[in-house]
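Here the sequence shown stands for residues 1 to 466, numbered as in full-length UniProt numbering.
Ideal Cβ positions, reconstructed from N, Cα and C, are used throughout, including at glycine.
These figures come from a predicted structure and were not determined experimentally.
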Amino acid sequence: MTLNVALSVFFNKAPKVTYIPPPPPEEEGSIFAHYETGINFSKYDDILVDVSGSNPPQAIMTFEEADLCESLKRNVSKSGYVKPTPVQKYGIPIVSAGRDLMACAQTGSGKTAAFLLPILQKLMNTGVAARRFSEVQEPEAIIVAPTRELINQIYLEARKFAYGTCVRPVVVYGGINTSHAIREVLKGCNVLCGTPGRLLDIIGRGKVGLRKIQYLVLDEADRMLDMGFEPDMQKLVRSPGMPSKEERQTLMFSATYPDDIQRLAADFLKMDYLFLAVGVVGGACSDVEQKVIQVTQYSKRDQLLELLRTTGTERTMVFVETKRKADFIATFLCQEKVSTTSIHGDREQREREQALGDFRTGKCPVLVATSVAARGLDIEHVQHVVNFDLPNNIDEYVHRIGRTGRCGNTGQAISFFDPDNDTPLARSLVKVLSGVGSFFFFVFIFCKYKKRSKSLEKVTWVLFSS
Numbered sequence: 001m002t003l004n005v006a007l008s009v010f011f012n013k014a015p016k017v018t019y020i021p022p023p024p025p026e027e028e029g030s031i032f033a034h035y036e037t038g039i040n041f042s043k044y045d046d047i048l049v050d051v052s053g054s055n056p057p058q059a060i061m062t063f064e065e066a067d068l069c070e071s072l073k074r075n076v077s078k079s080g081y082v083k084p085t086p087v088q089k090y091g092i093p094i095v096s097a098g099r100d101l102m103a104c105a106q107t108g109s110g111k112t113a114a115f116l117l118p119i120l121q122k123l124m125n126t127g128v129a130a131r132r133f134s135e136v137q138e139p140e141a142i143i144v145a146p147t148r149e150l151i152n153q154i155y156l157e158a159r160k161f162a163y164g165t166c167v168r169p170v171v172v173y174g175g176i177n178t179s180h181a182i183r184e185v186l187k188g189c190n191v192l193c194g195t196p197g198r199l200l201d202i203i204g205r206g207k208v209g210l211r212k213i214q215y216l217v218l219d220e221a222d223r224m225l226d227m228g229f230e231p232d233m234q235k236l237v238r239s240p241g242m243p244s245k246e247e248r249q250t251l252m253f254s255a256t257y258p259d260d261i262q263r264l265a266a267d268f269l270k271m272d273y274l275f276l277a278v279g280v281v282g283g284a285c286s287d288v289e290q291k292v293i294q295v296t297q298y299s300k301r302d303q304l305l306e307l308l309r310t311t312g313t314e315r316t317m318v319f320v321e322t323k324r325k326a327d328f329i330a331t332f333l334c335q336e337k338v339s340t341t342s343i344h345g346d347r348e349q350r351e352r353e354q355a356l357g358d359f360r361t362g363k364c365p366v367l368v369a370t371s372v373a374a375r376g377l378d379i380e381h382v383q384h385v386v387n388f389d390l391p392n393n394i395d396e397y398v399h400r401i402g403r404t405g406r407c408g409n410t411g412q413a414i415s416f417f418d419p420d421n422d423t424p425l426a427r428s429l430v431k432v433l434s435g436v437g438s439f440f441f442f443v444f445i446f447c448k449y450k451k452r453s454k455s456l457e458k459v460t461w462v463l464f465s466s
């Protein structure tokens, strides 16, 4: 513990954050490094799409039909985009038409480009340019996401598509030096990407004005409107200068939308908003092979180790429920000679970035994570997701397993089912599995005793008869 941290703890103050992240890449090769589509990418065309609401615009079939300017066309091509995914085919014209949108599409289906491309096209058409070194920046778009890693990923996508244009995206999030974040904003900002807390902090300091806002985007909208973040979102839309919902365009994207969140989301949208559903609302990605292994709490570690012995250097994300357990399991695996790192909310930002970097490059092919990594993260070559601890709700399960099987690639999700803790989730699990027509659903009964307990028999019956 450093002297500054020790003094901060003694006086019950948060230690001053001094970390400044490395600058984003400047080389074109790094900026436009893209995700390779998988063998099932063409199957996206078969996914059922439903648009609810009055007079929706016609879908596009190609990026040429999106009427993008030459700079955007060039950047889309450099990014490896060949044809739009369903959420892009319908989402891009809806956003371009100025309609509010609530969009639900499976994980890894290209939702980010569905809102970024039409927003950037509109800003370029109107000739906006960042006001460099102004004491108060007035962006045209604000994009909000629940985690630092996800919002930084969105920022890098915005920066990629805006490459070589006058539009300047900026990202702000916690865990980094505040003065550094403010300096980046004051250099010029058209598209402000941020996590809720840091975004409100920058606005509260008077460094960002809201009167020019044309777009408000909530990514992982169901998470942004739940009990944890909903007060921050209410505070944001009621901030001085923020245009009313009738004067701005509000866009919401997620892979899951519980009914209560859909009702709440409507309060942020115009009356004539459109609801776009690609596939089953809240459904899992059909490219993910799902398996459930029934284990006891005390046999999970051995089962995980046995599993990882078979995956070798293939990238695997292991989800646990607590920060403490994330470090404990990562340490256990390292002791067993399995190169592992961990990511959770108590790790410093530098450590979180290092962990993700080591996982992306394959230096540590196993990443143990809490829910901080469950949503939105787009990491190439993740072949396996393991739910060491199942979450307490099915939407979180859908997001977790969506870290694999992205962009037409296939993946495998294995969940450890502890009957003492996870029985309430059984019925919802079966519903998700049947929703994708999965025949990969197996329950393996691992029992070291000669007689199976009644609880195990009961759980097995629930899983198969639900």
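Q) For GLN121 versus ASP67, is the C-beta distance shorter than 9 Å? A) yes
Q) Should ASP272 be labelled buried (16 or more other beta-carbon atoms within 10 Å of its own) or exposed? A) exposed
Q | 4 or more residues per run - each alpha helix (DSSP H) lying fully within the segment 189-233 | A | 196-204, 221-224
(Q) In the DSSP assignment, the alpha helix (DSSP H) including GLY91 goes from what residue to what residue? (A) 86-96
Q: Would you give the residue range spanned by the alpha helix (DSSP H) that PHE328 belongs to?
A: 323-335
(Q) I believe GLY188 touches ARG248 by the beta-carbon criterion, under 8 Å. Please report the beta-carbon distance rounded to the nearest angstrom. (A) That belief does not hold up - the Cβ atoms of GLY188 and ARG248 are roughly 21 Å apart, past 8 Å.
Q: Pick out whichever of VAL172, GLU36, PHE253 has its Cα sitting closest to the Cα of VAL95.
A: PHE253
Q) Relative to the alpha-carbon of VAL136, which residue among ASN177, THR112, LYS212 has its alpha-carbon at the smallest distance? A) LYS212
Q) What does a CB cutoff of less than 6 Å around ILE182 pick up in its chain, not counting 5 residues either side in sequence? A) LYS207
Q: State the Cα-Cα distance for the pair PHE63 and THR250, rounded to the nearest angstrom.
A: 23 Å
(Q) Suppose you measure from the CA of LEU116 to the CA of ALA141; what does that come to, to the nearest Å? (A) 10 Å
Q: Specify whether the segment 393-413 and the segment 279-294 touch according to this definition: at least 3 beta carbon pairs, one from each stretch, less than 8 Å apart.
A: yes
Q: Return the CA-CA distance between GLU104 and LYS83, expressed in angstroms with no decimal places.
A: Glu is not the amino acid found at residue 104; the sequence shown has Cys there. Spanning the two alpha carbons is a distance of roughly 20 Å.
Q: With DSSP as the reference, label ASN409 as helix, strand or coil.
A: coil
Q: Would you list the residues sitting across from ILE47 in a DSSP beta bridge?
A: In DSSP, ILE47 forms no bridge with anything.
Q: Use the C-beta contact count for HIS344: other C-beta atoms within 10 angstroms, 16 or more gives buried, fewer gives exposed.
A: buried
Q) Are the beta-carbon atoms belonging to ARG198 and TYR215 less than 9 Å from one another? A) no
Q) Does DSSP put CYS447 in a helix, in a strand, or in coil? A) The predicted position of CYS447 is uncertain, since its pLDDT is 37 and thus under 50; a value taken from the coordinates is nonetheless stated next. CYS447: coil per DSSP, three-state reduction.
**Q.** Coil, strand or helix - PRO115 by DSSP
**A.** As written in the sequence, residue 115 is Phe, which differs from the Pro given in the question. Reduced to three states, the DSSP call for PHE115 is helix.
(Q) With a threshold of 6 Å on Cβ separation, who are the neighbours of GLU380 within its own chain once the five nearest residues in sequence on each side are excluded? (A) TYR35
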